[in-house]
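Trainee: Sharing a structure below in structure tokens format, with a few things to ask.
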Amino acid sequence: MKKRIEIEAKFELLNDKQLLEKLEKNSEVKLVEENEIQKDTYFTPNDRNFLDKRPVAEWLRTREEKGKYSITYKNWAKEDGENAKFKCREVETNVDDIEAIREIFNVLKVKELVVVEKTRTSYLYKDIIISIDTVEKLRKFCRIRI
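Under my numbering, the first residue of the sequence shown is numbered 1, with each subsequent residue one higher.
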């Protein structure tokens, strides 16, 4: 498996109009994805609930995007030491048959927690991806990824 390092920050966006103005005025910023709909379904094993530990540091999800599916497992952990940083172990793969995954989860008693639908618009500035996510029934978030 190929290893890659990714730096990501995500935060609630209190004033999306101000951010959009700055992005659209900068000639170096390119719109790369507009109003892309993502449907994420989160799951947890039957013997332990990922939501019991706060902040939530571990999750399993399937994603539907552009008619394609993927499955992702993430687990955040803090390194040891004085200047410890958080690292995320992430395993992700595309899925051809989402119904087979759901059946496997059912047999293993992996239960569905929640479905989250969001609309994402992404911009590219040099090697930085800036995404604005509008989460249905919640609010807006900004995600910056290098």
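Virtual Cβ for every residue (Gly too), placed ideally from N, Cα, C.
Return the first residue and the last residue of the alpha helix (DSSP H) that Asp-16 is part of.
Mentor: The residue labelled residue 16 in the question sits at position 16 within the sequence shown. 16 to 25 is the extent of the alpha helix (DSSP H) around Asp-16.
Trainee: Would you mind reading off the limits of the alpha helix (DSSP H) that contains Arg-102?
Mentor: Looking up residue 102 in the sequence shown gives position 102. Counting along the chain, the alpha helix (DSSP H) containing Arg-102 begins and ends at 98 to 107.
Trainee: Cα-Cα, which of Lys-39, Glu-79, Val-56, Asn-46 is closest to Arg-63?
Mentor: Along the sequence shown, one-based indexing puts residue 63 at 63. Ranking the options by Cα distance to Arg-63, first place goes to Lys-39.
Trainee: Check whether the Cβ atoms of Lys-140 and Leu-13 sit closer than 8 angstroms, and answer yes or no.
Mentor: Within the sequence shown, residue 140 is the residue found at index 140, counting from 1. Within the sequence shown, residue 13 is the residue found at index 13, counting from 1. Result yes, Cβ atoms of Lys-140 and Leu-13 sit closer than 8 angstroms.
Trainee: Quick one: is Thr-119 near chain B, going by C-beta distance under 8 angstroms?
Mentor: Annotation note: the requested chain B is absent from the structure, which comprises a single protein chain.
Trainee: Which residue from Ile-37, Phe-43, Lys-30 puts its Cα closest to that of Phe-105?
Mentor: Here the question's residue 105 lines up with position 105 in the sequence shown. When only C-alpha atoms are compared, the closest one is Phe-43.
Trainee: Report all residues from its chain with a CB closer than 8 angstroms to the CB of Asp-127; omit the five preceding and five following residues, and keep chain order.
Mentor: For the purposes of this step, residue 127 is taken as the residue at position 127 of the sequence shown. Result list for Asp-127: Ile-146, in chain order.
Trainee: If you drop the 5 nearest sequence neighbours on each side, which residues of the same chain put their C-beta closer than 6 angstroms to that of Val-29?
Mentor: As a working note, residue 29 is residue 29 in the sequence shown. Contacts found: Leu-23, Tyr-123, Tyr-125.
Trainee: In chain order, which continuous runs of the beta strand (DSSP E) of length 3 or greater are located wholly inside the region 109 to 134?
Mentor: 110 to 125
Trainee: Just how far apart, CA to CA, sit Lys-17 and Glu-112?
Mentor: Numbered from 1 along the sequence shown, position 17 holds the residue referred to as residue 17. Numbered from 1 along the sequence shown, position 112 holds the residue referred to as residue 112. When rounded, the distance between both Cα atoms is 35 angstroms.
Trainee: Report the three-state DSSP secondary structure of Asp-40 (helix, strand or coil).
Mentor: Against the sequence shown, residue 40 aligns to sequence position 40. Strand.
Trainee: Relative to the C-alpha of Thr-121, which residue among Asn-94, Ile-7, Leu-19 is closest?
Mentor: In the sequence shown, residue 121 corresponds to position 121, counting from 1. Checking every option, the nearest Cα to that of Thr-121 belongs to Leu-19.
Trainee: Using only alpha-carbon positions, find the residue among Lys-68, Ile-130, Asn-49, Gly-67 that is nearest to Leu-60.
Mentor: Residue 60 sits at position 60 when you count from the first residue of the sequence shown. The candidate whose alpha carbon is nearest that of Leu-60 is Asn-49.
Trainee: Can you tell which of Glu-136, Asn-83, Ala-100 has its C-alpha closest to the C-alpha of Ile-71?
Mentor: As a working note, residue 71 is residue 71 in the sequence shown. Of Glu-136, Asn-83, Ala-100, the residue nearest in Cα terms is Ala-100.
Trainee: By DSSP, does Leu-51 sit in helix, in strand, or in coil?
Mentor: Within the sequence shown, numbered from 1, the residue matching residue 51 stands at position 51. Three-state DSSP puts Leu-51 in a helix.
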